[in-house]
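*Asks:*
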Amino acid sequence: MLIRAVVPLIVGLIIFFIIGWVTGTDEYGGVKTKDDERSQLIKQKAIVRSWLLLLMFFIINFVFDFFNLNDERLALVPFVYPELLYLLIAVISYFVYYWIYSRRMSSNEK
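In case it helps, UniProt numbering puts the sequence shown at residues 1 to 110.
#1: From the DSSP output, in three-state form, read off Ser106 for me.
#2: Specify the secondary structure class of Asp36 as computed by DSSP and reduced to three states.
#3: Could you tell me which of Ile3, Leu88, Trp99 and Ala5 sits nearest to Trp51, measuring between CA atoms?
#4: Out of curiosity, what's the CA-to-CA distance linking Ile42 and Ser102?
#5: Take the Cβ of Tyr98 as the centre, count every other Cβ of all protein chains shown within 10 Å, and call the residue buried at 16 or more, exposed below.
#6: Which residue's Cα is closest to the Cα of Phe57: Val7, Gly12, Pro78 and Ser93?
#7: How long is the line joining the alpha carbons of residue 119 and Asp71, rounded to whole angstroms?
Here it is, written out as structure tokens:
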């Protein structure tokens with residue numbers, strides 16, 4: 001019974017601090033980041049793009065379900081934790097977009 005109350009609290013606090021680290025602002029959790037404005041902009045652009053990519057995946061999934069366009073071969077494959085797939089998409093795309101934007105907005109342009 002105690003675990004049901006403590007686990008969501010701890011997970012919520014961890015997510016709260018991760019948001020501050022990922023976005024580069026000190027508004028979340030009082031984490032003092034040493035990011036300059038360029039670094040904060042890169043982090044914020046990367047997180048927005050990763051969420052937009054995730055939103056596109058949700059829309060595509062909805063359209064496939066709505067028009068019954070699912071592949072029948074995948075019906076036999078059970079997805080135990082489908083949320084984990086979406087979480088991985090969001091995290092991996094964040095780091096990919098972060099890398100892209102940091103290269104685009106590097107201060108040592110040639």
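Note that the Cβ used here is the ideal one computed from N, Cα and C, for glycine as well.
*Replies:* According to the structure data:
#1: In the sequence shown, the residue the question calls residue 106 occupies position 106. Coil at Ser106, not helix or strand.
#2: Position 36 of the sequence shown holds residue 36. In this structure, Asp36 counts as coil in the three-state DSSP scheme.
#3: What you label residue 51 is simply residue 51 of the sequence shown in a count that begins at 1. From the listed residues Ile3, Leu88, Trp99 and Ala5, the smallest Cα separation to Trp51 is found for Leu88.
#4: Your numbering for residue 42 matches position 42 in the sequence shown. Your numbering for residue 102 matches position 102 in the sequence shown. So the two alpha carbons sit approximately 6 angstroms from each other.
#5: The sequence position of residue 98 within the sequence shown is 98, counting from 1. Buried: at least 16 other Cβ atoms inside 10 Å.
#6: One-based indexing of the sequence shown puts residue 57 at position 57. Minimum Cα distance to Phe57 is reached at Ser93.
#7: Lying outside 1 to 110, the shown extent of the chain, residue 119 is not represented and no answer is given.
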